[in-house]
Structure formats: C-alpha cells, structure tokens
Amino acid sequence: MSSILKFIGIQPKRKITSSNELLEVLYSRLIQNRNLVLYNFDPEKNDFIVKGYGQNAEVYKIVNKIVTKCNAVETILYNDTGEKSVQRYKKFLKSTVPIDAAKGRIYRAKALDIIEDEQNDLLQLLKTPNNYQSWAEMMELFRIFYFVQGEAFLYRETALNSDIALSLHVAPANWMTPVFSDDPQNIIKGWKLKMYGGVKRTLDVEDVFHLKMTNPIFTEDGEQLRGLSPLVAGLKYLQLDDKSIETWIKSIENEGAKGIISPNTSNPDFWLQPEQVKLLDKEIDDRIVGVKNKNKIVASSMPLQYTQIGLSPDALSVIQALEHSQINLCDLWGVPATLFDPNPTYQNQKEAGLQFVTNVIIPYLEKEEQ
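Note that the sequence shown covers residues 50 to 419 in the numbering used here.
1. Where tyrosine 88 and isoleucine 236 are concerned, what is the direct C-alpha to C-alpha distance, given to the nearest angstrom?
2. Is the beta carbon of alanine 222 sitting closer than 8 Å to the one on phenylalanine 194?
3. Note down the Cα distance separating leucine 336 from threonine 314, rounded to an integer number of angstroms.
4. So valine 494 and leucine 287 are supposed to be a Cβ contact under 8 Å. How far apart are they, rounded?
5. Report yes or no: do three or more beta-carbon pairs, one from the segment 240 to 252 and one from the segment 158 to 175, lie closer than 8 Å?
6. Distance check for glutamate 272 and lysine 238, CA to CA, integer angstroms please.
7. If we call anything under 8 Å between Cβ atoms a contact, is lysine 241 one with threonine 263?
8. May I ask you to report which of helix, strand or coil DSSP gives valine 384?
9. So the candidates are Gly276, Asp212, Asp270; which of them puts its Cα closest to the Cα of valine 254?
10. Is it buried or exposed for isoleucine 115, if we count other Cβ within 10 angstroms and need 16 for buried?
11. With a Cβ-Cβ cutoff of 8 Å, do isoleucine 98 and cysteine 379 count as a contact?
12. By a C-beta neighbour count over all protein chains shown, 10 Å radius and 16 as the cutoff for buried, is arginine 205 buried or exposed?
13. Give the DSSP-derived three-state secondary structure of valine 248 in the structure shown.
14. Excluding sequence positions up to five away, which residues of its chain have a Cβ less than 8 Å from the Cβ of lysine 421?
15. Might you give, ordered along the chain, the residues of its own chain that have their beta carbon closer than 8 Å to the beta carbon of valine 384, omitting 5 neighbours on each side?
16. Quick one: what does DSSP say tryptophan 184 is sitting in, helix, strand or coil?
17. The alpha helix (DSSP H) spanning asparagine 169 covers which residue range?
18. State the DSSP-derived secondary structure class of proline 412, mapped to helix, strand or coil.
19. Considering only residues of the same chain and omitting the five flanking positions on each side of lysine 345, which have a CB-CB separation below 7 Å?
20. Examine chain B for any beta-carbon lying closer than 8 Å to the beta-carbon of tyrosine 156, and answer yes or no.
21. Helix, strand or coil: how does DSSP classify tryptophan 420 here?
22. May I ask you to report which of helix, strand or coil DSSP gives lysine 261?
23. Of all the options Leu353, Lys343, Ala348, which has the alpha carbon lying nearest to the alpha carbon of valine 326?
24. Does DSSP put proline 10 in a helix, in a strand, or in coil?
25. In this structure, how does DSSP classify phenylalanine 267 when only helix, strand and coil are distinguished?
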C-alpha cells in the first residue's frame with residue numbers, strides 16, 4: 050500500500066505544514082540582506098499623492114467623490130453575539146433587492162449588539178483616535194492614501210509593554226518602507242516611517258494596520274508586499290491629462306484674435322479703409338476688451354457684425370485628448386464618468402449613482418470592515 054501511495058504521489062504519514070516554499074525561495078535575498086534597502090520604491094517616481102492627487106484635478110475629483118461618499122457612512126461599534134445569523138445578515142445586506150436588505154437588517158439585529166456605552170474605551174478611541182483628528186477626519190485621510198497610493202497605513206501608540214492602543218494615527222503610505230525578518234512566512238517584521246529632517250521611526254508590525262490593493266507583480270525585492278496604485282496602470286492616462294492641460298494653457302496664452310468685427314453690409318462703399326481699421330482696433334481695445342468693460346454697453350455709428358474664428362485642429366485634438374483621458378481615469382477606479390457629466394439626463398445620473406455605490410463604495414467598505 051505504501052508503494053502505491055508513493056507512486057500516485059501521496060506520501061503516507063507525511064507531516065502537513067503551512068510553509069510556502071515559493072516564499073522561501075522568493076524572499077531568500079531579502080533574508081540574506083535584510084539590513085539593506087532592496088525594495089525599489091522610488092518616492093520621486095511612485096509618489097502619486099503629490100503628482101496625482103495634489104497636482105491633477107481629475108484624480109482629485111474622482112478620489113474626492115469616492116472618499117466623500119465613504120465618509121457619509123456612519124461607523125458603528127458592534128458586539129458579535131456569536132449567532133449564526135451573523136453570516137446571513139452579511140449575505141442579505143449585499144443584495145440590491147429591497148426585501149433582502151430588510152431581512153439583512155433583521156438578522157443583523159439578532160447577530161450584533163450595538164455598543165452604546167459612552168464610557169467604553171474602544172468606543173472612545175473610535176470617536177477620538179488622537180488629539181488632532183476625529184474618526185471621520187482620520188479615515189478620510191486613510192482612504193485618500195488607499196485610493197491614490199494603492200495602500201494605506203494606520204499605526205497605534207501604546208503604553209510600555211502593552212498591546213492596548215492609546216491613539217491611532219495615519220502614516221503616509223509614500224513614506225513607509227518595510228523592515229524584513231529572517232522568516233519567509235512572516236517576511237515583514239516592521240515598518241520604517243520617514244519623518245522630517247531625515248529622521249526615521251521603526252514601527253513593529255503588530256502596531257501597524259496595512260490595507261492594500263492586490264499587487265500581482267511578484268519580485269524578489271518584495272514589490273508584491275506593497276499595494277498597486279491604479280495610477281501605475283493608468284500612468285499614461287495621467288500623463289496625457291497633464292500634458293493636454295499644459296498644451297491647452299499654452300494654446301490660450303499664445304492664441305491670437307478670437308474673431309473679426311466688420312461692417313454688416315455687402316456694399317463696398319461702406320467697407321472700412323486701412324486707416325479706419327486701425328482706429329476701430331483702438332476703439333475695441335478701449336471700449337470693449339478688458340475687465341474694466343465687462344457688462345458694458347457700447348454704441349456704434351454703423352451696423353457691425355462679429356465673425357468668430359474657429360479653433361485650430363491642434364486645439365480640437367487637445368480637447369478630445371482631455372475627454373478621453375478623463376473617461377479613462379474614471380475607469381481606473383470603476384467610477385462612472387457620467388457622474389462628472391455637466392449635463393446628464395436624470396436617468397443616467399440615477400443609474401450611475403447606483404452603480405457607483407454598488408460597485409465601488411460597498412465593496413471597499415466591506416473590505417475595510419473585514
């Protein structure tokens with residue numbers, strides 16, 4: 050029997066372990082050089098907080114809409130009663146069918162007890178996680194990092210030899226680097242937080258909460274240990290949007306006349322002579338052009354007409370590039386571009402709002418809750 054089991058690939062009485070041989074091979078370089086900085090995270094190249102959220106209006110609008118909607122959801126502290134209905138309530142609450150959502154609320158009432166004791170330490174921590182932020186303010190910053198940088202960090206301050214959090218703080222994701230251990234199954238033993246003045250603070254891994262977007266890019270430098278920002282995949286769209294706006298600004302700055310004023314008559318006898326054109330240009334500059342003439346009514350001694358000069362092909366291509374980059378940037382986060390349409394139909398806006406909540410907001414909040 051033993052030889053048969055071996056033949057078909059089953060080892061009898063083999064001790065089952067939870068170790069992952071891939072991790073041992075993959076992280077061997079990190080273990081051997083754990084005192085060196087091997088992770089190729091370049092803040093100058095990968096800092097999407099500054100280059101994306103802080104300097105691109107489209108990224109700011111998209112992320113701000115997501116975070117604002119997330120913050121509208123109230124944070125409630127529950128005590129799990131251990132009832133089986135806890136699984137049922139999560140199942141039904143995900144449904145978009147009204148009757149199922151109602152069932153979910155009933156099961157939740159059975160499975161979870163709301164903690165309302167104002168003296169509860171954990172409730173107090175959630176209300177005021179630190180001396181300078183409320184829970185809503187802290188989570189707003191946390192979620193901005195998550196959706197822009199692809200990962201977000203919280204760290205706790207504790208008393209000496211204690212695991213009880215005294216305060217919670219957001220650590221800038223673009224300022225965090227991992228500290229590696231010699232255990233491939235638990236390769237990260239801490240995090241280094243870059244602070245001002247070149248100072249770095251080392252945080253134990255137990256004191257750090259790391260929420261990240263899945264990163265399938267495995268490298269021996271540990272890139273898969275960090276979150277994958279949507280802007281990594283959409284970097285070309287981000288650059289297209291930035292360059293298009295820069296080109297648009299330069300086009301406006303260097304743009305010539307917007308139109309032509311001429312006598313509104315087909316009789317050549319009433320057409321202006323070159324000397325009269327110069328005088329008319331001066332009159333236009335003095336009486337029509339400029340902030341000082343805004344909303345001003347001017348009179349004319351003869352019938353005139355205004356002919357607008359069309360946009361150049363280059364200007365039109367810039368507008369089209371902007372439209373495409375804006376739609377593609379929305380797609381990176383799964384946010385319907387209709388939500389940013391200045392003139393949407395009511396039905397389109399309604400459907401886009403429902404899709405936004407169902408496909409973006411709820412899945413993220415469930416991930417955060419878990």
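For glycine and all other residues, C-beta sits at the position ideal for the given N, C-alpha and C.
As the structure is a prediction and not an experimental result, all values here were calculated from the model.
Considering the structure as presented:
1. Confidence at tyrosine 88 is low in this model, with a pLDDT of 36, below 50, so its placement is unreliable and the value that follows should be read with caution. One C-alpha to the other measures close to 13 Å.
2. Yes. Within cutoff.
3. Checking the sequence shown, residue 336 turns out to be arginine, not leucine. Whole-angstrom Cα-Cα distance: 23 Å.
4. Nothing can be reported for residue 494: it is not among the residues displayed for the chain, which extend from 50 to 419.
5. Touching, no, given that fewer than three Cβ pairs across the two stretches are closer than 8 Å.
6. If you draw a straight line from the Cα of lysine 238 to the Cα of glutamate 272, it comes to about 16 Å.
7. Between lysine 241 and threonine 263, the gap from beta carbon to beta carbon reaches 8 Å or more.
8. If DSSP states are grouped into helix, strand and coil, valine 384 belongs with coil.
9. Looking at the Cα atoms, Asp212 is the closest of the given residues.
10. Isoleucine 115 should be labelled buried.
11. For isoleucine 98 and cysteine 379, no; Cβs fall outside 8 Å.
12. Arginine 205 is classed as buried because its beta carbon has at least 16 other beta carbons within 10 Å across all chains shown.
13. Valine 248: coil per DSSP, three-state reduction.
14. Residue 421 is absent from the structure shown; the chain starts at 50 and stops at 419.
15. Around valine 384, the same chain offers Ile111, Lys114, Ile115, Phe405, Val409 as residues with beta carbons nearer than 8 Å, after the five sequence neighbours per side are excluded.
16. In this structure, DSSP gives tryptophan 184 a helical state, which the three-state scheme calls helix.
17. No alpha helix (DSSP H) contains asparagine 169, which DSSP labels as neither H nor E.
18. Proline 412 falls in the helix class under three-state DSSP.
19. Nothing meets the Cβ criterion.
20. Judged by its chain identifiers, the structure shown contains no chain B, having just a single protein chain.
21. Nothing can be reported for residue 420: it is not among the residues displayed for the chain, which extend from 50 to 419.
22. In the structure shown, lysine 261 sits in a strand (DSSP, three-state: E or B).
23. The shortest Cα separation from valine 326 among Leu353, Lys343, Ala348 belongs to Leu353.
24. Absent from the model: residue 10. The displayed extent of the chain is 50 to 419, so no value can be given.
25. Three-state DSSP puts phenylalanine 267 in coil, outside helix and strand.
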